[in-house]
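**Q** The sequence shown runs contiguously to residue 207 in the UniProt record's numbering.
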Amino acid sequence: MDGVIGFFADLAPNLQLLVDRSPQILDGVRTTVLATVLGALLALIIAFVFGLAQLAKVAVVRIVARVFVEFFRGTSLVVQLFWLAFVLPQLPYPLGFRLDPLLVGVIALGLNYGAYAAEVVRGSINSVPKGQYEAISALSLSPVRGMFRVVIPQAWALMIPSLSNLWIQLLKGSAIVSSVTLYDLFFQIEQVRDRTGTWFAYLFALV
Numbered sequence: 001m002d003g004v005i006g007f008f009a010d011l012a013p014n015l016q017l018l019v020d021r022s023p024q025i026l027d028g029v030r031t032t033v034l035a036t037v038l039g040a041l042l043a044l045i046i047a048f049v050f051g052l053a054q055l056a057k058v059a060v061v062r063i064v065a066r067v068f069v070e071f072f073r074g075t076s077l078v079v080q081l082f083w084l085a086f087v088l089p090q091l092p093y094p095l096g097f098r099l100d101p102l103l104v105g106v107i108a109l110g111l112n113y114g115a116y117a118a119e120v121v122r123g124s125i126n127s128v129p130k131g132q133y134e135a136i137s138a139l140s141l142s143p144v145r146g147m148f149r150v151v152i153p154q155a156w157a158l159m160i161p162s163l164s165n166l167w168i169q170l171l172k173g174s175a176i177v178s179s180v181t182l183y184d185l186f187f188q189i190e191q192v193r194d195r196t197g198t199w200f201a202y203l204f205a206l207v
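1) To which residues of the same chain is Ala59 closer than 7 Å at the C-beta, ignoring the five residues directly before and after it?
2) Using a Cβ-Cβ cut-off of 6 Å (strictly less than) and excluding sequence neighbours within five positions of Ala47, which residues of its own chain qualify?
3) Output the distance between the C-alpha atoms of Ser164 and Ser140, rounded to the nearest integer angstrom.
4) Taking the C-alpha atoms as reference points, what is the distance between Met1 and Leu102?
5) Which residue comes first and which comes last in the alpha helix (DSSP H) that contains residue 208?
6) Rounded to a whole number of angstroms, what is the C-alpha to C-alpha distance between Ala65 and Met159?
7) Cutting at 8 Å between CB atoms, please list the residues of its own chain near Lys130, excluding the five before and the five after it.
8) At the level of alpha carbons, what is the spacing between residue 231 and Leu26?
9) Would you kindly work out how many angstroms separate the C-alpha atoms of Pro92 and Leu109, rounded to a whole number?
10) Using a Cβ-Cβ cutoff of less than 6 Å, which residues in the same chain neighbour Trp167 once the five nearest sequence positions on both sides are dropped?
11) For Leu206, count the other beta carbons within 10 Å of its own beta carbon; 16 or more makes it buried, fewer makes it exposed. Which is it?
12) Pull up the CB-CB distance for Phe82 and Phe68, whole angstroms please, since I reckon it's below 8 Å.
13) Buried or exposed: Ser142, going by 16 or more other Cβ atoms within 10 Å of its Cβ?
14) To the nearest angstrom, how far is it from the Cα of residue 222 to the Cα of Asn112?
15) Quick one, are the C-beta atoms of Glu56 and Val106 less than 8 Å apart?
16) Give the straight-line distance between the Cα atoms of Ser162 and Pro153, rounded to the nearest whole angstrom.
17) So the candidates are Pro23, Glu70 and Leu77; which of them puts its Cα closest to the Cα of Lys172?
18) In whole angstroms, what separates the C-alpha of Gly45 from that of Gln80?
19) Which residue's Cα is closest to the Cα of Gly123: Trp156, Arg98, Ser137 and Ala43?
Pasting the structure below:
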């Protein structure tokens with residue numbers, strides 16, 4: 001009972017602190033939304049480019065695409081973030097250059113989740129019945145036109161559940177970008193928690 005009374009006694013100053021820091025919190029929300037949306041768009045582009053490249057008839061294209069996908073699937077998102085933020089600027093010119101923290105977050109999220117999504121694209125296209133490819137030949141469609149007019153529309157329905165799960169994971173993973181000095185929602189809420197010394201800030205972030 002004392003704990004409940006104490007919580008409500010601390011509620012007013014906690015709310016006041018949230019109001020005082022609302023500009024920073026809203027800026028954190030904006031940063032999180034930008035990192036998530038732009039990262040998801042980049043991931044979707046990478047998914048289709050490298051998913052289709054793994055199905056190419058040219059062996060070199062398939063190998064390069066496979067190496068790319070396995071590399072970014074097999075390394076941690078945190079490692080990729082730190083490499084882009086802190087290692088890349090230390091490389092000798094012209095290889096080394098500094099990126100904006102938001103751009104670092106977008107690129108890392110796009111590369112990491114795009115590699116996973118590329119496997120979804122590849123697997124979904126491979127799941128389309130072989131009869132559809134025979135239909136493409138029967139209709140005298142070019143391979144490229146047949147892929148985009150016949151195969152991908154059917155494969156898209158198979159991709160949606162897995163891609164939706166990946167986008168949710170990307171949103172959760174966006175909290176990690178605060179480790180490279182990007183002031184996202186997680187970072188701003190951490191600042192409020194440090195000031196209040198309670199978990200109330202996390203409750204606000206969850207809402």
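Glycine included, C-beta positions come from ideal geometry on N, C-alpha and C.
**A** Walking through what the data contain:
1) To locate residue 59, count along the sequence shown from 1; it is residue 59. Closer than 7 Å at the Cβ level, and outside the excluded window around Ala59, lies no residue.
2) The residue labelled residue 47 in the question sits at position 47 within the sequence shown. Excluding positions up to five away in sequence, the list reads Gly114, Ala117, Ala118 and Val121.
3) Walking along the sequence shown from the start, residue 164 turns up at place 164. Walking along the sequence shown from the start, residue 140 turns up at place 140. C-alpha separation (whole angstroms): 34 Å.
4) For the purposes of this step, residue 1 is taken as the residue at position 1 of the sequence shown. For the purposes of this step, residue 102 is taken as the residue at position 102 of the sequence shown. Summary for Met1: the model assigns pLDDT 49, below 50, so the residue's position carries little reliability; its value from the coordinates is reported in the next sentence. Near 45 Å, if we compare the C-alpha coordinates of Leu102 and Met1.
5) With the chain covering only 1 through 207, there is no way to say anything about residue 208.
6) Residue mapping note: residue 65 aligns to position 65 of the sequence shown, counting from 1. Residue mapping note: residue 159 aligns to position 159 of the sequence shown, counting from 1. If you take the alpha carbons of Ala65 and Met159, they lie about 19 Å apart.
7) The residue you call residue 130 lines up with position 130 of the sequence shown. Result list for Lys130: empty, nothing under 8 Å.
8) Only positions 1 to 207 of the chain appear in the structure, and residue 231 is not among them; the question remains open.
9) As a first step, residue 92 must be located in the sequence shown, where it is residue number 92. As a first step, residue 109 must be located in the sequence shown, where it is residue number 109. If I take the Cα positions, the gap works out to 25 Å.
10) Position 167 of the sequence shown, counted from the first residue, corresponds to residue 167. Once the five neighbours on either side are set aside, the close Cβ partners of Trp167 are Ala40.
11) As a working note, residue 206 is residue 206 in the sequence shown. Residue placement at Leu206 cannot be trusted, given a pLDDT of 48 that sits under 50; what the coordinates show is reported in the next sentence. Answer is exposed; the Cβ neighbour count stays below 16.
12) For the purposes of this step, residue 82 is taken as the residue at position 82 of the sequence shown. For the purposes of this step, residue 68 is taken as the residue at position 68 of the sequence shown. Not confirmed; about 20 Å, so no contact.
13) Sequence index remark: in the sequence shown, residue 142 carries index 142 (1-based). So Ser142 counts as exposed.
14) There is no way to answer for residue 222, as the model of the chain reaches only from 1 to 207.
15) On the sequence shown, position 56 is the one that residue 56 refers to. On the sequence shown, position 106 is the one that residue 106 refers to. The sequence shown places Ala at residue 56, rather than the Glu named in the question. No, the pair does not count as a contact, with Cβ atoms beyond the cut-off.
16) Start at 1 with the first residue of the sequence shown, and residue 162 comes out as number 162. Start at 1 with the first residue of the sequence shown, and residue 153 comes out as number 153. Distance between the alpha carbons of Ser162 and Pro153 is about 16 Å.
17) Working through the sequence shown from its first residue, we reach residue 172 at position 172. Nearest of Pro23, Glu70 and Leu77 to Lys172, Cα basis: Leu77.
18) On the sequence shown, residue 45 is found 45 positions in, with the first residue counted as 1. On the sequence shown, residue 80 is found 80 positions in, with the first residue counted as 1. Here residue 45 is Ile; the residue named in the question, Gly, does not match the sequence. Approximately 19 Å, taken between the alpha carbons.
19) On the sequence shown, position 123 is the one that residue 123 refers to. With distances taken between Cα atoms, Gly123 lies closest to Trp156.
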